[in-house]
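Listed in order, the protein sequences are those of chains A and B. Oh and the first sequence: position 145 is 145 in this note's numbering, straight run, nothing missing. Oh and the second sequence: position 151 is 1151 in this note's numbering, straight run, nothing missing.
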Amino acid sequence: MGFTLTKYRPALLLLAAGLSLALAASCLQHRSNCVANLLFNLGAGRSAEKELLKKTIKQYNSVTSGFYASGGYLGEFAILPADNLIKRKHYQNIVQLNGQGVVLVFDQDKSVIQKIHFYSRNQACVITAEQWAMAFQDTQTRKKLSKVKGTSLAVRYMMRREQGKWMVSDVEVFPGNETVKVP
Amino acid sequence: MLFIKILSTALFFYTLVEKAGLFSEQAPSLRAIFHSYPFLGGFSALAIACAWQSFPRGRVRKPAIYGRCLLVAGALLAMTGLWVSYLTYFEGHVLRMDKQDFLTLPGEYTEGTSHQGKLAKPNSIGIYIKEISFRKIPFMHTPLAQADIRYISKGQKAFADTTISRIRPLYKDWTMVRVTGSGYSVAYALNDQTDREVDRTYVALKLSPPGEEDYFSPKDFGYYFHIRYYPDYYDANGQPATRSLEQKNPMLGVRVVRNKDILYNGLVSMNNTLDIEGVRFRIKDVRPCVEITVIRDPGLPVLLAGLLLAMAGVCMLLPAREKK
């Protein structure tokens, strides 16, 4: 006497019918993005998204370095992949530095991605270990006004996708020896 | 009967699939799931089908007839309760310090935190927070925040006093008021080199439990101030720690950041001035604050009453089924 599913057939059909109905109803409830969300939640396309996130952070650091080094050239802002509030904070820094007659030059020596965590298809957290060198220069003559200061940092970037593109919505800077967790 | 079985199985799986967030960007809350159109429609169809199936027809024995009536009434009451809940549900969150008050009416809540059904009519309850305290609970990492409040609502002749927390809400006029979060409000002042005050305000930060970090940025400066709070500070082998939650020896861990430059990282006591490139920063006061959640759901008791009636009806029908 072998094991047969015949006596469980009605129960299995009932479960299958209920599950199919539930999946259809859930898909209908989120019909605008249900396929994209399903594929993402099943793990599809995450490697490509991680590469996009790395590229965005690289662009963010490159543009902000250029912005500070140029003393606030606004043309850079157009391509800075960040929220308006972050852009405003950088602008406020530049205004304060300009008022002191100095320019603060940031130079990234190293950046290593330590962790990427996805909250959803459109929200992520990236933690990096970075090394930066910075020095003050005179706005007019570009003469060095301070020694080059090297620093090791741990940085936590909160990322958000808007209109198909990743952007930085928050940046938190920690000393390099601190262990930074995903919130 | 098959229809009822399929519907109830589908509703169960729908709740699981939605809670898993398979098709959504973020898993919705249980309230959002139960108030969604597929659940409302499915539950209504199930309730009507149960009522139709259970309706006494022909000659039915006495215990069974009572059971069937209870089941019909319970199913229809539960369906009504769910729809009333969907149409009249109200929820809002607000942050308050001690010695502050608020009214549980729309407009008082933190932007983006309130949800209101189409026919929701929140009640007016006046609440004054007398004192906020933190209590250590065994096996809980985060201390329990509780607020001693004085409140008055419509129909009440005098103020009443009580204590609310996450596990001890206030129930008044179909409304539940409870503490769902806590932190500290930090009052800071920024002065320029001529000691002219540039900025001064309270900012609510999630600094609980002690050692947790939160940050803020003043509106006129690009600096970010990262703060940690130790209400009863002591040095534990070179690491800052706190002996208790009472503000006996308050100390703050402050880190000031500009872009990728850490300008300051150390301890600052209350009212001591920190000079950041000519800008003088001072923390003047730290007061506990709580997040209060107000929920009004008149449909929930109706829904629960309906489910209880239906269950009672099923229990009365079971012996009759066994005899068969």
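Quick reminder that beta carbons are idealized off the backbone N, C-alpha and C, glycines included.
query, result
"B:LYS1005: contacting residues in chain E (beta-carbon distance under 7 Å)", "As a matter of chain content, chain E is missing from the structure shown, whose protein chains are A and B."
"Per-residue contacts from B:ASP1297 into chain A (C-beta, under 9 Å)", "The contacting residues do not exist; B:ASP1297 stays about 21 Å from chain A at best."
"Against chain A: residues of the region 1246–1273 of chain B by CB proximity under 9 Å", "ARG1255, VAL1257, ARG1258, ASN1259, LYS1260, ASP1261, ILE1262, ASN1265"
"Where B:LEU1022 falls: helix, strand or coil (DSSP)", "coil"
"Same chain, Cβ closer than 8 Å to B:PHE1055, neighbours up to 5 away in sequence not counted", "ARG1068, VAL1072"
"Beta-carbon spacing of A:GLN59, B:PHE1221 below 8 Å", "no"
"Close-in-space but distant-in-sequence residues of the same chain around A:ILE116 (CB under 7 Å, 5 per side omitted)", "LYS50, LEU53, ALA124, VAL126"
"Beta bridge counterpart(s) of A:GLN123 as assigned by DSSP", "A:SER120, A:ARG160"
"Rounded C-alpha distance that separates B:LEU1304 from B:PHE1023", "29 Å"
"Same chain, Cβ closer than 6 Å to B:SER1185, five either side skipped, listed in chain order", "MET1097, TYR1202, ALA1204, ARG1287, CYS1289"
"Exposure label - A:GLY45; buried when at least 16 CB within 10 Å", "exposed"
"Pick from B:ALA1187, B:ILE1149, B:VAL1294, B:ASP1261 that is closest to B:SER1269, judged by C-alpha positions", "B:ALA1187"
"Boundaries of the alpha helix (DSSP H) in which B:ALA1370 is found, first to last residue", "The question about residue 1370 of chain B has no answer, for chain B in this structure spans 1001 to 1324."
"Proximity below 8 Å, CB of B:GLU1291 to CB of B:SER1182", "yes"
"Which listed residue (B:ALA1145, B:ILE1276, B:ILE1048) has its alpha carbon closest to that of B:PRO1209", "B:ALA1145"
"Residues bridged to B:CYS1289 [DSSP beta-bridge criterion]", "B:MET1097, B:GLY1183"
"Closer than 8 Å to chain B by CB, A:PRO81", "no"
"According to DSSP, residues forming a beta bridge with B:PHE1102", "B:ILE1127"
"Proximity of B:ASN1123 and B:THR1175 at Cβ, strictly below 8 Å", "yes"
"Identified DSSP bridge partners for B:TYR1066", "Paired residues: none, contrary to the question."
"Closest residue to A:ALA135 among A:ALA69, A:ALA17, A:SER62, A:LEU42 (Cα-Cα distance)", "A:ALA69"
"The region 1113–1120 of chain B / the region 1079–1087 of chain B touching (three or more Cβ pairs under 8 Å)", "yes"
"Chain B contact for A:CYS34 (CB, 8 Å cutoff)", "yes"
"Neighbouring residues, chain A, relative to B:SER1036 (Cβ below 8 Å)", "GLN29"
"Residue-chain proximity (A:ARG184, chain B), Cβ-Cβ < 8 Å", "The first residue shown for chain A is 1 and the last is 183, placing residue 184 of chain A beyond what the model contains."
"Chain A contact for B:THR1009 (CB, 8 Å cutoff)", "yes"
"Selection from B:ARG1282, B:ARG1243, B:ASP1235 that minimises the alpha carbon distance to B:VAL1198", "B:ARG1282"
"Contact list for B:LEU1022 against chain A, beta-carbon separation under 7 Å", "SER26, LEU38, ASN41"
"Own chain, CB closer than 6 Å to A:SER111, minus 5 neighbours either side, in chain order", "THR128, GLU130"
"Backbone secondary structure at A:ALA22 - three-state DSSP", "helix"
"Collapsed DSSP secondary structure at B:SER1085 in the structure displayed", "helix"
"Selection of the region 52–82 of chain A by Cβ proximity to chain B, strictly under 7 Å", "THR64, TYR68"
"B:TYR1223 vs B:ARG1196 beta-carbon contact at 8 Å", "no"
"Contact set between A:TRP166 and chain B, taken where Cβ atoms lie within less than 7 Å", "Per Cβ cutoff of 7 Å: no residues; A:TRP166 is ~15 Å from chain B at best."
"Reduced DSSP category for B:TYR1215 - H, G, I as helix; E, B as strand; rest coil", "strand"
"Backbone secondary structure at A:GLN140 - three-state DSSP", "coil"
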